[in-house]
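Engineer: Here's a structure for you.
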């Protein structure tokens with residue numbers, strides 16, 4: 007994989023990490039909270055509106071679509087867009103806009119033009135699971151180990167992982183997200199099989215199953231493997247036979263057959279350069295490899311909204327399964343729903359206009375899609391585009407305002423009496439996003455019924471309490487909390503569509519790091535964030551020197567670089583336990599080696615060397631260092647001056663660095679020790695997550 011392809015593959019990882027339209031949500035400690043019509047509102051049209059309530063006339067819908075995509079602000083963003091709209095049992099519109107390829111200028115055809123639909127695939131994988139449930143071949147309450155051929159999940163809890171938990175992203179699995187290895191640019195390389203991928207990447211359970219929400223691609227890949235195991239057919243064959251063929255979805259597949267590959271829209275990067283055609287590994291990815299057309303998606307929408315059967319009476323899902331996929335099964339608060347089986351709630355909430363919405367988005371490099379359904383109105387749409395330009399959110403807003411004008415619901419309980427400062431103290435603390443391991447919010451109490459929080463972008467918000475575990479910010483957006491079985495606050499969800507944030511545990515400390523230790527804040531902070539690997543029952547060994555390989559390993563959580571499996575130009579790292587980290591750092595431009603193709607992994611690192619690496623890392627993260635006015639320490643090598651300036655300018659160090667008379671004593675030639683490294687990494691973590699200013 008060359009450097010450009012590596013960058014594109016990393017882009018895919020970022021896209022897949024953010025895939026899925028989700029809302030602040032959660033589950034109870036044992037059974038998921040059932041949510042009934044969380045966006046319920048009267049279905050009567052507004053008296054003053056001249057627009058028909060809901061899409062119901064083909065000509066009118068076609069006119070609405072043409073008018074929307076003709077707007078200059080939208081037209082200038084279009085590459086290729088395909089859209090379909092259904093209502094009251096009818097396919098009302100199937101339209102294409104733009105061109106499939108800049109060279110051929112071939113117009114988009116909703117029946118012929120194929121798009122990658124990303125995580126919208128999950129809807130179909132969930133439907134397959136429910137089909138098997140309809141056939142009596144599995145139960146949603148089954149322990150998934152029943153279908154793993156003797157494989158035992160690493161699960162320290164007494165609660166098993168069930169199929170229902172796979173459907174609702176509540177497994178408690180450790181994060182398993184796509185890496186560049188899931189993208190294939192080389193036609194000679196064969197993708198791995200789904201079964202091989204599942205058992206090579208099977209995650210341990212790290213939170214009690216059923217107690218927390220984290221968007222989980224692996225859980226849906228595992229569902230695909232279960233479909234394969236129970237049916238006795240390859241997953242893609244099952245989907246073809248049991249879903250696509252009965253629905254007449256003749257241009258849909260979880261694989262990339264040549265006939266469909268030749269009809270897929272071309273994609274381009276932000277500079278307008280064509281993105282090379284790629285395949286995925288495994289060759290079938292139940293969580294995200296489906297391709298389709300908007301016309302095919304209209305056939306699915308129509309059957310789904312018709313109680314699970316096509317217009318000719320072919321049943322694809324039982325009414326009970328359609329109901330299960332249409333209703334929310336988990337929430338962090340009864341007014342803040344999260345997931346159905348396969349769908350999620352609209353995000354942000356205001357897009358719903360008070361209607362009951364189930365939705366699923368999908369994002370892979372060059373493609374963005376949305377499946378948006380209103381089950382109570384028996385209407386919906388599907389849209390897919392081949393650019394990163396913001397079109398879909400604008401389309402949702404226009405569609406809802408045109409056909410379902412209304413006022414977004416308010417949150418809370420009428421007459422609720424906010425709690426006192428002392429009662430609210432249980433909410434205060436630092437919360438870390440489960441999926442990304444980064445700061446999500448730092449919450450403080452500022453008055454009776456009032457909270458303040460600094461989010462991951464270092465923006466401060468003010469919240470007023472509207473229910474026991476529910477607050478709203480200045481824009482009316484909900485902040486919801488979830489207690490554990492003992493009543494202690496365990497999670498929050500706010501303005502993040504991909505997971506809960508867990509309340510940071512208090513660090514237990516190390517025997518040689520008392521609370522008044524000058525580096526306790528840094529060491530304890532890393533421990534609380536789950537970054538330190540040391541056993542807290544043993545000394546931390548604060549004065550131990552740090553090797554070059556140990557330092558690179560320590561800063562990897564800051565880099566978030568996908569694991570490298572490629573060859574390295576360094577000839578002396580093959581026996582290093584951190585060789586993958588060193589390769590990643592090299593590929594990211596964070597390290598350059600020590601000459602003669604060597605890295606010297608076991609050599610103790612000098613402080614100026616660590617500063618140079620941190621300086622490069624800061625720039626990779628997109629942080630602009632401040633101007634530096636103090637005199638550079640005289641013992642600093644010339645090549646290390648920029649790094650020392652960056653680290654001292656951003657104050658990424660502990661109390662070992664002193665300043666007097668405009669001079670900084672950085673100790674450039676001294677060897678870095680563990681407590682000093684902890685300060686550098688912890689403060690770098692705060693800088694990255696935007697919480698440096700809140701210390």
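Residue numbers (this note's numbering): 7 to 701.
We treat Cβ as the ideally placed atom computed from N, Cα and C, and that holds for glycine.
Since the structure is predicted, the reported quantities are computational estimates derived from the model, not experimental observations.
For residue 590, does the count of other Cβ atoms within 10 angstroms reach 16, so buried, or fall short, so exposed?
Structural biologist: Answer is buried; the Cβ neighbour count reaches 16.
Engineer: What are the complete beta strand (DSSP E) segments, minimum 3 residues, inside the segment 326–370?
Structural biologist: With a minimum length of 3 residues, the continuous beta strand (DSSP E) runs that stay inside the segment 326–370 are 337–339 and 364–370.
Engineer: Given 8 Å as the limit, is there contact between the segment 284–296 and the segment 121–128, that is, 3 or more CB pairs closer than that?
Structural biologist: With a cut-off of 8 Å, the segment 121–128 and the segment 284–296 count as touching, because enough Cβ pairs lie within range.
Engineer: Specify the secondary structure class of residue 90 as computed by DSSP and reduced to three states.
Structural biologist: Reduced to three states, the DSSP call for residue 90 is strand.
Engineer: Could you check how far apart the C-beta atoms of residue 172 and residue 229 are, in whole angstroms? I think they sit under 8 Å.
Structural biologist: Going by Cβ atoms, the distance from residue 172 to residue 229 rounds to 5 Å, so yes, they are a contact pair.
Engineer: Under 8 Å between the Cβ atoms of residue 314 and residue 324?
Structural biologist: Yes. Within cutoff.
Engineer: Return helix, strand or coil for residue 508, following the three-state DSSP convention.
Structural biologist: Note: residue 508 maps to strand in three-state DSSP.
Engineer: Would you give the residue range spanned by the beta strand (DSSP E) that residue 664 belongs to?
Structural biologist: Where residue 664 is concerned, the enclosing beta strand (DSSP E) stretches over 664–666.
Engineer: Consult DSSP for residue 690 and reduce its assignment to one of helix, strand or coil.
Structural biologist: It is helical.
Engineer: Return the first residue and the last residue of the alpha helix (DSSP H) that residue 585 is part of.
Structural biologist: Segment 585–593, the alpha helix (DSSP H) holding residue 585.
Engineer: Determine the closest residue to residue 397 out of 606, 166 and 77, with distance taken between C-alpha atoms.
Structural biologist: Answer by Cα proximity: 77.
Engineer: Keeping to the same chain, check which residues put their C-beta closer than 7 Å to that of residue 64; ignore five residues upstream and five downstream.
Structural biologist: Excluding residues within five positions, the ones whose Cβ falls inside 7 Å are 98 and 99.
Engineer: What's the C-alpha gap between residue 679 and residue 549?
Structural biologist: Each residue's Cα considered, the two are about 5 Å apart.
Engineer: Closer than 6 Å by C-beta to residue 517: which residues in its own chain qualify, once you throw out the five before and the five after it? Chain order, please.
Structural biologist: Excluding sequence neighbours, residue 517 sits near 545.
Engineer: Just to confirm my understanding: we take residue 677, look at its own chain, exclude 5 residues before and 5 after, and list those with CB closer than 8 Å. What are they?
Structural biologist: Here the set comprises 551, 552, 610, 611, 612 and 613.
Engineer: Which one or two residues does DSSP pair with residue 495 in a beta bridge?
Structural biologist: For residue 495, which the question treats as bridged, DSSP gives the partners 489.
Engineer: Look at the Cβ atom of residue 435, then the Cβ atom of residue 449, and state whether they are nearer than 8 Å.
Structural biologist: Yes, these two residues count as a Cβ contact at 8 Å.
Engineer: Counting only the same chain and skipping the five closest in sequence on each side, list residues whose C-beta sits under 6 Å from that of residue 320.
Structural biologist: So the qualifying residues of the chain are 252.
Engineer: Please return the same chain residues whose Cβ sits closer than 7 Å to the Cβ of residue 240, not counting the five positions on each side in sequence.
Structural biologist: Excluding positions up to five away in sequence, the list reads 234.
Engineer: Please state the DSSP three-state secondary structure of residue 654.
Structural biologist: Here residue 654 sits in helix by DSSP.
Engineer: Within a Cβ cutoff of 7 Å, which residues of the same chain sit near residue 453, ignoring the five residues on either side of it in sequence?
Structural biologist: Only 427 meet the Cβ criterion.
Engineer: Residue 611 by DSSP, collapsed to three states: which one?
Structural biologist: Reduced to three states, the DSSP call for residue 611 is coil.
Engineer: Return the CA-CA distance between residue 652 and residue 559, expressed in angstroms with no decimal places.
Structural biologist: Rounded to the nearest angstrom, the two C-alpha atoms are 21 Å apart.
Engineer: Skipping 5 residues on each side, what residues in its chain have a beta carbon closer than 6 Å to that of residue 563?
Structural biologist: Only 537 meet the Cβ criterion.
Engineer: Of the residues 495, 579 and 433, which one's Cα is nearest the Cα of residue 470?
Structural biologist: That would be 433, whose Cα lies nearest to the Cα of residue 470.
Engineer: Quick one: using the 10 Å Cβ neighbour count with 16 as the cut-off for buried, is residue 478 buried or exposed?
Structural biologist: Buried is the call here.
Engineer: What is the residue span of the beta strand (DSSP E) that residue 4 lies within?
Structural biologist: Because residue 4 is not part of the residues shown, which for the chain are 7 to 701, the question remains open.
Engineer: Counting pairs of Cβ atoms below 8 Å between the segment 84–96 and the segment 105–120, do you hit three or more?
Structural biologist: A contact exists between the segment 84–96 and the segment 105–120.
Engineer: How would you call residue 238, buried or exposed, if buried means at least 16 neighbouring beta carbons within 10 angstroms?
Structural biologist: Exposed, since its Cβ has fewer than 16 Cβ neighbours within 10 Å.
Engineer: In this structure, what does DSSP give as the bridge partners for residue 322?
Structural biologist: In DSSP, residue 322 forms no bridge with anything.
Engineer: On the three-state DSSP scale, how would you describe residue 679?
Structural biologist: Residue state, collapsed to three classes: strand.
Engineer: Pick out the complete alpha helix (DSSP H) segments inside the segment 230–264, 4 residues or longer, and give them in chain order.
Structural biologist: Taking only runs of at least 4 residues, the alpha helix (DSSP H) segments lying wholly in the segment 230–264 are 241–245.
Engineer: Tell me which same chain residues have a C-beta within less than 8 Å of the C-beta of residue 153, skipping the five on either side of it?
Structural biologist: Excluding residues within five positions, the ones whose Cβ falls inside 8 Å are 144, 231, 232, 235 and 236.
Engineer: How is residue 549 classed by DSSP in three states: helix, strand or coil?
Structural biologist: Reduced to three states, the DSSP call for residue 549 is coil.
Engineer: What residues in its chain sit with their C-beta under 7 Å from that of residue 129, if we drop five residues either side in the sequence?
Structural biologist: Counting only Cβ-Cβ distances below 7 Å, and skipping sequence neighbours, we find 348, 349, 366 and 377.
Engineer: Can you tell me which of the three DSSP states residue 450 falls into?
Structural biologist: Of the three classes helix, strand and coil, the one that applies to residue 450 here is strand, per DSSP.
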